[in-house]
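Engineer: Taken in order, these protein sequences are the chains called A and B.
Going by full-length UniProt numbering, the residue at position 360 of the first sequence is 360; the numbering climbs one at a time, nothing skipped.
Going by full-length UniProt numbering, the residue at position 46 of the second sequence is 46; the numbering climbs one at a time, nothing skipped.
We put the beta carbon where it would ideally sit given N, CA and C, even for glycine.
This structure is a prediction, so every number in the text was calculated from the model and none was measured.
Number of protein chains: 2
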Amino acid sequence: MKVCKFGGTSVASAEQIKKVANIIQADPTRRIVVVSAPGKRTSEDIKVTDLLIDLAHTVIAKKPYEEKIATVVSRYEDNAIGLGLDHEICDIIELDLKARCEQAIHLTDEMLMDSLKASGEDNNAKMVAAYFNSIGIPTRYVSPKEGLVVNDVPERTMAIAEAYEQLASLKDSDEIILFPGFFGYTKSGLLRTFDRGGSDITGAILAAAVGADLYENFTDVDCVFSANPKVVNNPAEITEITYREMRELSYAGFSVFHDEALMPVVKQGIPVNIKNTNNPSAPGTRIVAKREESKRPVTGISADSGFSILYVSKYLMNREIGFGRKLLQILEEEDISYEHTPSGLDDISVIIRSYQLDDEKEARILDRVTNELHADDVNFRHGFSMIVVVGEGMKYKTGLAASAATAIARTGANIEMINQGSSEVSLSFGVLRQYEDVILKELYNEFFTAVTA
Amino acid sequence: MKVCKFGGTSVASAEQIKKVANIIQADPTRRIVVVSAPGKRTSEDIKVTDLLIDLAHTVIAKKPYEEKIATVVSRYEDNAIGLGLDHEICDIIELDLKARCEQAIHLTDEMLMDSLKASGEDNNAKMVAAYFNSIGIPTRYVSPKEGLVVNDVPERTMAIAEAYEQLASLKDSDEIILFPGFFGYTKSGLLRTFDRGGSDITGAILAAAVGADLYENFTDVDCVFSANPKVVNNPAEITEITYREMRELSYAGFSVFHDEALMPVVKQGIPVNIKNTNNPSAPGTRIVAKREESKRPVTGISADSGFSILYVSKYLMNREIGFGRKLLQILEEEDISYEHTPSGLDDISVIIRSYQLDDEKEARILDRVTNELHADDVNFRHGFSMIVVVGEGMKYKTGLAASAATAIARTGANIEMINQGSSEVSLSFGVLRQYEDVILKELYNEFFTAVTA
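1. Could you give the first and the last residue of the continuous beta strand (DSSP E) run that contains arginine 75 of chain B?
2. Check the Cβ-Cβ distances between proline 180 of chain B and every residue of chain A, and say whether any is below 7 Å.
3. Counting Cβ pairs closer than 8 Å, one from the segment 267-287 of chain A and one from the segment 308-324 of chain A, do we hit at least three?
4. Is it the case that the Cβ atoms of asparagine 273 of chain B and leucine 214 of chain B are separated by a distance below 7 Å?
5. Using 7 Å as the threshold, is the C-beta distance between aspartate 346 of chain A and serine 313 of chain A below it?
6. Taking only three categories from DSSP, how would you classify aspartate 45 of chain B?
7. Going by the CB atoms, is the gap between leucine 427 of chain A and glutamine 420 of chain A shorter than 7 Å?
8. Please list the partners that threonine 340 of chain B has in chain A, where partner means a Cβ-to-Cβ separation under 8 Å.
9. Quick check: the segment 184-197 of chain B against the segment 211-226 of chain B, are at least 3 beta-carbon pairs closer than 8 Å?
10. Looking at the unbroken beta strand (DSSP E) that takes in glutamine 356 of chain A, where does it start and where does it end?
11. Under 7 Å, Cβ to Cβ, is there at least one residue of chain B near methionine 417 of chain A?
12. Helix, strand or coil for tyrosine 396 of chain B, going by three-state DSSP, please let me know.
13. Can you tell me whether lysine 62 of chain B is buried or exposed, with buried defined as 16 or more other CB within 10 angstroms of its CB?
14. Quick check on this structure: which residue in B/Ile348, B/Ala21 and B/Met127 has the alpha carbon closest to the alpha carbon of isoleucine 137 of chain B?
15. For methionine 417 of chain B, report the span of its beta strand (DSSP E) as first-last.
16. Taking a Cβ distance cut-off of 8 Å, strictly less, list which residues of the segment 299-317 of chain B are near chain A, in chain order.
17. Tell me where the alpha helix (DSSP H) around methionine 1 of chain A begins and ends.
18. So is valine 153 of chain B buried or exposed if we call it buried at 16+ other beta carbons inside 10 Å?
19. Interface residues of chain A around glycine 421 of chain B at Cβ under 7 Å?
20. If you measure from the beta carbon of serine 426 of chain B to each beta carbon in chain A, is any gap under 7 Å?
21. Kindly list, in the order they appear in chain B, the residues whose Cβ is closer than 8 Å to that of glutamine 329 of chain A.
22. Are three or more beta carbon pairs between the segment 224-237 of chain A and the segment 32-52 of chain A nearer than 8 Å?
23. Return the residues of the segment 184-208 of chain B that lie within a Cβ-Cβ distance of less than 9 Å from chain A, sorted by chain order.
24. Cα-Cα, which of B/Ala129, B/Met127, B/Phe182 and B/Thr157 is closest to proline 144 of chain B?
25. For arginine 381 of chain A, return the contacting residues in chain B, with the cut-off set at a CB-CB distance below 8 Å.
26. Output the boundary residues of the beta strand (DSSP E) element that contains arginine 30 of chain A.
27. Taking the CB atoms as reference points, tell me whether valine 265 of chain A and alanine 207 of chain A lie closer together than 7 Å.
28. Within the chosen definition, does the segment 314-325 of chain A reach the segment 384-402 of chain A through at least 3 CB pairs nearer than 8 Å?
29. Using a beta-carbon distance below 7 Å, is serine 354 of chain B in contact with chain A?
30. Where do the ends of the alpha helix (DSSP H) carrying tyrosine 338 of chain A lie?
31. Which whole-angstrom value is the C-beta distance of valine 425 of chain B and glutamate 245 of chain B, which I expect to be below 8 Å?
32. Within 10 Å of its beta-carbon, does lysine 187 of chain B have 16 or more other beta-carbons around it, so buried, or fewer, so exposed?
33. Are the C-beta of asparagine 414 of chain A and some C-beta of chain B separated by less than 7 Å?
34. Going by beta-carbon coordinates alone, are glycine 344 of chain B and serine 423 of chain A separated by less than 7 Å?
35. Establish whether the CB of isoleucine 365 of chain A and some CB of chain B are separated by less than 7 Å.
36. Give, in chain order, every residue of the segment 255-283 of chain B whose Cβ lies closer than 7 Å to some Cβ of chain A.
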């Protein structure tokens, strides 16, 4: 059986929801459907989730909010009319929203915000279920209350083991299951939303819980590309990619799928298929645990800016057991994560995403590294990009690092940092931001154009 | 003024000691002389230090040791005769050795061993001083008791701040100072030897204490070579090299100078000149804080075998603040130091010198990484070599990493690991041991032959 998740644009309008129904009808093994809240219908449109956030702020500010509710409901009404549904479903949604707003006095602001945001997915699931039933697809809306158990605050929201046990029975349903994405409930009944990629996570949890053969993730692109199409002209489509290739590529240009959402399916080795709701016959991109070797050693190339380098040098550093650990501990105490730590014998560079830094933090870190670790030299440099060349086949290809470094040299850029571990599934380069695009293009030509020509 | 240190082969025989005297007489700024114990005169000869270790073992075993003392004394007698000295100095040495052996009952085995080993340098300093005076060079033997104060056990022997203050007055001596290398005394009067590169350390401490203009380190080679001459044919001589280049090259093939010994002079920016006692007119290799840029971006290439890789992978590792720090902490608790930690997003390789590992330690580490860090995969691989390309000029040379990787690719070897930090003074590659020599040759040809041709 397959679990299918449909993103915001896939359920934005009546026309889109009809496509979803066609997709479900086209394959009887598609048994569980997860939906997002209605997304944008045009580029100027406002997402329902954003309308709901606005509503929440109004309620929190204790201002009149009836009109805001009406705006949300009217979006659902448009879809209900387009789908030929009677007004009952809109009444249900309106009552639901009013009830959530009236609960405000019993909730913290954060809890109210979560509740209203989650209503976007929840009510959309009810409406899509109503539509499926209206066209003769026996469908049951299932609330996350029925099993999607998450952990308690303040930890980041995650499904707990019980959720997988309770949701497993959904595989035995004779009806199609229509499940809202994005949220679950704690044991004590508190609604909690997932951080990022929320509906993707719900789909992955359900796929894992029912032991699906495939997790289909419907979005609005045909596939994942081997490089950012905004930079590289017509990049090759990726038909199959491993989980860890996908992860290593999870820098910019590969944001189609939130990688953390994959966790539940990765653990069980369930393949994922990224497909296009607007072009369901396209094979899409399959994300798998293992794949056949392809002709190309490189699967994709990603690039991202916004990196800083913390450079620390100290004579005889490598003789000092614990130096690197102490340095990382200082970063940890500042709640800073890092990407790589290339080193010489007496120096180490820590690659950090710049958004985690500010003047105060930097000053504190420089001070601690100077005084506690007695470094000879320590400084921050900003404005770097990371370029990552990824492919399971790279380890079988002698000379690949040479080809990559040569391609970069052709652009005239200096390589500020190189990093390749023994897994050899990725090779990363640190360069100055201004070279990012030209290097991405040159590397793409090196590893893709030449082979296919 | 200059501090001159002479290694074991430079003071092995009367003939060699005469060369030392000539060197001191040739330059009136050479005011402080540090000597090692007499080294090998021929390749079959036994170093005095080794004779002394044998003597110590005999004393510790409570066996008759008179004959062993006689053997040591006879080595000094050979030199005394060759230098035209009367027998008095040999009597002094013989009495000294007897006194040290008779002290055995008051000392631990370790203390006795230290005392007898140190006598090699100590007595040789007395003899060389006697010779200098006999040929009209006013010279004063100075015992490390007069100011070379070291820290207490169990810390690794190091001169303490007081030593530098006390030894500073040596710069005011009208006589040449003859100082034995290799040992000092704690405040409470206990003799302690330096770990490795002992006489080099003494020379560096004296140079720093008197604020020397130059620390001349006399040995038996003309210079430091840009690559191991046992592997590369006639490698280029290095005339000038920075401290940090020297450090980065401190792998095999560059063992002419023990890098830790440089610490006292590095702190004060005192240049070091490695020279040949047997060819003092050769300019040798100067080790300096900063140097002019040379035509060649690469100063030297070193290679060393005996490395292992600890590979750890875990899905979403890079999201987990503290993962790398915890991993390094486990190694630290096993008292293991590491060279580099190249990483992907979800994996990290730790490059470790294999001698630090054994089956038991590996099993313990694998177990802890699996159970405490919940890694998906963790393993050790052995039999790697590290090749390090070093040069202060590398950062100004676009395409250098490309040239290096391309040269390695020509050998057919796969690059298992690449590491280059933002200091860009070194670029290291991990390769399988069997490729080490061929890669070193190929890289040498790439960066030296081509430029000089």
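Structural biologist: Considering the structure as presented:
1. Arginine 75 of chain B: not part of any beta strand (DSSP E); member of the alpha helix (DSSP H) spanning 66-82, first to last residue.
2. At a cut-off of 7 Å, the C-beta of proline 180 of chain B has no neighbouring C-beta in chain A.
3. Judged by Cβ distances under 8 Å, the segment 267-287 of chain A makes no contact with the segment 308-324 of chain A, as fewer than three pairs qualify.
4. A contact, by the Cβ cut-off of 7 Å.
5. Cβ distance < 7 Å, so aspartate 346 of chain A and serine 313 of chain A count as in contact.
6. Coil.
7. Closer than 7 Å, so yes.
8. In the sequence under discussion, the amino acid at residue 340 of chain B is histidine, which differs from the threonine named in the question. What histidine 340 of chain B touches in chain A: Pro342 and Ser343.
9. Flag = no, the segment 211-226 of chain B and the segment 184-197 of chain B do not touch.
10. Run containing glutamine 356 of chain A: none; DSSP gives neither H nor E here.
11. With 7 Å as the cut-off, methionine 417 of chain A counts as an interface residue toward chain B.
12. If DSSP states are grouped into helix, strand and coil, tyrosine 396 of chain B belongs with the helices.
13. Label assigned to lysine 62 of chain B: exposed.
14. Closest in alpha carbon position to isoleucine 137 of chain B, among B/Ile348, B/Ala21 and B/Met127, is B/Ala21.
15. For methionine 417 of chain B, the enclosing beta strand (DSSP E) starts and ends at 417-420.
16. For the segment 299-317 of chain B, residues whose beta-carbon sits nearer than 8 Å to a beta-carbon of chain A comprise Ile309, Tyr311, Ser313, Tyr315 and Leu316.
17. Boundaries cannot be given for methionine 1 of chain A, as no alpha helix (DSSP H) includes it and DSSP labels it neither H nor E.
18. Exposed, by the Cβ-count rule.
19. Going along chain A in sequence order, the residues near glycine 421 of chain B (Cβ under 7 Å) are Pro342, Ser343, Gly344, Asp347, Ile348, Ser349 and Met417.
20. Residue-level contact by beta carbon holds for serine 426 of chain B and chain A, with a gap shorter than 7 Å.
21. What glutamine 329 of chain A touches in chain B: Arg325.
22. Under the 8 Å Cβ criterion, the segment 224-237 of chain A does not count as touching the segment 32-52 of chain A, having fewer than three qualifying pairs.
23. Against chain A - using a Cβ distance shorter than 9 Å - the segment 184-208 of chain B contributes no residues.
24. By alpha-carbon distance to proline 144 of chain B, the top candidate from B/Ala129, B/Met127, B/Phe182 and B/Thr157 is B/Phe182.
25. Neighbours of arginine 381 of chain A in chain B, taken as residues whose beta carbon is under 8 Å from its own, are Ser422 in chain order.
26. Counting along the chain, the beta strand (DSSP E) containing arginine 30 of chain A begins and ends at 30-35.
27. Closer than 7 Å, so yes.
28. The segment 314-325 of chain A is not in contact with the segment 384-402 of chain A.
29. For serine 354 of chain B, the nearest beta carbon of chain A is not closer than 7 Å to its own beta carbon.
30. Careful: tyrosine 338 of chain A lies outside any alpha helix (DSSP H), inside the beta strand (DSSP E) at 338-340.
31. That belief holds up - the Cβ atoms of valine 425 of chain B and glutamate 245 of chain B are roughly 6 Å apart, short of 8 Å.
32. Exposed is the label assigned to lysine 187 of chain B, since fewer than 16 other Cβ atoms lie within 10 Å of its Cβ.
33. At a cut-off of 7 Å between beta carbons, asparagine 414 of chain A contacts chain B.
34. Cβ distance < 7 Å, so glycine 344 of chain B and serine 423 of chain A count as in contact.
35. At least 7 Å separates the CB of isoleucine 365 of chain A from every CB of chain B.
36. Of all residues in the segment 255-283 of chain B, the ones placed with a Cβ closer than 7 Å to any Cβ belonging to chain A are Glu260, Met263 and Val266, in chain order.
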